[in-house]
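With full-length UniProt numbering applied, the sequence shown corresponds to residues 1 to 482, in that order.
Worksheet: the structure to be examined is printed underneath.
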Amino acid sequence: MLTRVTAPRTGINLSLARVRATQAAVSTTPRGFASSASALAKERLLVLGSGWSGYNVARKVDKNLYDVTVVSPNSYFSFTPFLASTCVGTLEFRCATEPVRNIKHVTFCQGWADNVDFANKVVRVGPSLPPLRDPTVDSPVNVPQHYSAEIEAAYTPSDAYDVPYDKLVIATGCRSAWFGTPGVREHAHFLKDVREARAIRLRLLECLELASEPDATPEEVAKLLSFRVVGGGPTGVEFAAELHDFVHSDVYRLYPHLKDKVTITLYDVAPGILMSFDSSLREYAERKFSRVGVKVQGNTKIVGVGKDWLEFDSGEKEPYGLLVWNTGLQVNEFVHQIEGVSKDVKAIKVGPQLQVLDGDGKHIPGVFAIGDNATPADGTRLPQTAQVASQMAGYMASTLGAVAKGKSLESQAAFEWKNRGSMVFIGNYNSIEGPRARIAGMAAWLVWRSYYMTLAMGWRNRILIPVYWALAFFFGRDITSF
Numbered sequence: 001m002l003t004r005v006t007a008p009r010t011g012i013n014l015s016l017a018r019v020r021a022t023q024a025a026v027s028t029t030p031r032g033f034a035s036s037a038s039a040l041a042k043e044r045l046l047v048l049g050s051g052w053s054g055y056n057v058a059r060k061v062d063k064n065l066y067d068v069t070v071v072s073p074n075s076y077f078s079f080t081p082f083l084a085s086t087c088v089g090t091l092e093f094r095c096a097t098e099p100v101r102n103i104k105h106v107t108f109c110q111g112w113a114d115n116v117d118f119a120n121k122v123v124r125v126g127p128s129l130p131p132l133r134d135p136t137v138d139s140p141v142n143v144p145q146h147y148s149a150e151i152e153a154a155y156t157p158s159d160a161y162d163v164p165y166d167k168l169v170i171a172t173g174c175r176s177a178w179f180g181t182p183g184v185r186e187h188a189h190f191l192k193d194v195r196e197a198r199a200i201r202l203r204l205l206e207c208l209e210l211a212s213e214p215d216a217t218p219e220e221v222a223k224l225l226s227f228r229v230v231g232g233g234p235t236g237v238e239f240a241a242e243l244h245d246f247v248h249s250d251v252y253r254l255y256p257h258l259k260d261k262v263t264i265t266l267y268d269v270a271p272g273i274l275m276s277f278d279s280s281l282r283e284y285a286e287r288k289f290s291r292v293g294v295k296v297q298g299n300t301k302i303v304g305v306g307k308d309w310l311e312f313d314s315g316e317k318e319p320y321g322l323l324v325w326n327t328g329l330q331v332n333e334f335v336h337q338i339e340g341v342s343k344d345v346k347a348i349k350v351g352p353q354l355q356v357l358d359g360d361g362k363h364i365p366g367v368f369a370i371g372d373n374a375t376p377a378d379g380t381r382l383p384q385t386a387q388v389a390s391q392m393a394g395y396m397a398s399t400l401g402a403v404a405k406g407k408s409l410e411s412q413a414a415f416e417w418k419n420r421g422s423m424v425f426i427g428n429y430n431s432i433e434g435p436r437a438r439i440a441g442m443a444a445w446l447v448w449r450s451y452y453m454t455l456a457m458g459w460r461n462r463i464l465i466p467v468y469w470a471l472a473f474f475f476g477r478d479i480t481s482f
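Given below as structure tokens:
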């Protein structure tokens, strides 16, 4: 995503110097972007974002037809289905990422899109690189809790630069929602990016080590080992399942004195978990969690979060050591502030071929929106999932190719989402799959693993992922903290 929250940082001048040096190294113009003269051969395609939709459209579009530039605050694509596994060491973090620069014949700029000048066809971009570290001064790496695409170094207008385009694809995604609940942004962990997964892993291991200290009181141990997950959708359920497997396979082995003191609780305002699945599958998942000791609390509303406590609408407070918050998505700041487009409270409105509409409902020439930050203008609501974003990206790449070959945009078939079902891992070699197949257990788990293996983008990760799965199975998960 490309939201931006200003936060003061030191060393920004060094960071900006690095940005400018990088730009100069790839320049064909003072800013390193193709001039209008080069557009005689190929049009300039600018993609904002490196998530499921942005990364895939940049990867799939025909580079013989377009000069492609990607702008994103992250230099990588996060493979979100594996983030829960990286939190507990089943997989390593690099197994859940693909570098944007690995895409051949694509120019990449690490930065924030601040605004779009549709009349002049340029996007204003500010740098998002963190400052260079001084090894003689700085302490070992410290991962801020919310260091993600939502935090950016402060910069002045002179630090920003313009990126021109002939075709623009807005794929900035959404950010994690917290519905204004006090204390969530300050104290809870989200799980939407690999940096956030790393922060969760560090906090999880920290809780275990603090609870192992000789002078830890029973009350402190109980609080530290109270792991709470808010949100009963697929992300929250999969994280709770991975956490349970980690506790029962590795905490029991490495921290035997803590094995009976860990509690995992999953909360949701709905009556139960996985409400988008068939009732039989929901009940299967809830029974499975009940058997293994994961407590599910439905019809529960959290009204406040402190450093180490949750407050419910009943007025009751409960302590926690780790809090992971997964309650859906909300509009990012870039989409919220962009002017001259038609949008609702969550996304930019698009036409049948995913064209962005202006305030009068007319198509803005050469501008498209895909992924979580796009919604059909006809009122159709599409799920904000990786599956929809990937299908939009494939459609967009194909449509852009047809347009570059001289076909009219209006002659292209309208985008149509095909629901291929959903899969959720629920722990201990069990998964559920719906809504079509409606299968559960080991068979669904095998389908889950096989399917996501095919989605892994690069061959490096296709090789590494089963290797790490095997290492975790035979030797246990890695609990190194650094």
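Think of the CB as a built atom: it goes at the ideal place given N, C-alpha and C, for glycine as much as any other residue.
- The residue from V116, V403, K288 with its alpha-carbon nearest to that of V163 is V116.
- Excluding the 5 residues flanking it on each side, K63 has same chain C-beta neighbours closer than 6 Å at H105, in chain order.
- Every alpha helix (DSSP H) of 4 residues or more that sits fully in the segment 64 to 89 is shown, in chain order, as 83 to 87.
- Counted as a single uninterrupted DSSP element, the stretch harbouring G366 is not any alpha helix (DSSP H) but the beta strand (DSSP E) occupying residues 363 to 369.
- Contact holds between the segment 94 to 112 and the segment 59 to 75, because three or more Cβ pairs, one in each stretch, are under 8 Å apart.
- With a beta-carbon spacing of about 5 Å, A171 and I370 fall inside the 8 Å limit used to define contacts.
- The DSSP-derived three-state label of R420 is coil.
- Taking C-beta separations shorter than 7 Å and ignoring five residues to either side along the sequence, the partners of S85 in its chain run L91, E242, following chain order.
- A residue is called buried when at least 16 other Cβ atoms come within 10 angstroms of its Cβ; M423 meets this threshold and is buried.
- For the options L354, N373, D372, the alpha carbon positioned closest to that of I364 is the one of L354.
- Less than 8 Å separates the beta-carbon of V230 from that of N326.
- The three-state reading of DSSP puts E219 in helix, counting H, G and I together.
- In this structure, A397 keeps its C-beta atom at 8 Å or more from the C-beta atom of D372.
- When Cβ pairs closer than 8 Å are counted between the two stretches, the segment 464 to 482 is seen not to touch the segment 118 to 129, the count staying below three.
- Look at P234 here: in three-state DSSP terms it is helix.
- With respect to L322, L204 sits close: the two C-beta atoms are nearer than 8 Å.
- Of all alpha-carbon atoms in D313, Q330, H189, the one lying nearest the alpha-carbon of S176 is that of Q330.
- For Q384, no beta strand (DSSP E) run applies, since DSSP gives it neither H nor E.
- Annotation: the continuous alpha helix (DSSP H) that includes L464 extends over 459 to 475.
- Contact check for I426 against K259 fails: the beta carbons are separated by 8 Å or more.
- In this structure, L46 lies near Y165, with their beta-carbon atoms less than 8 Å apart.
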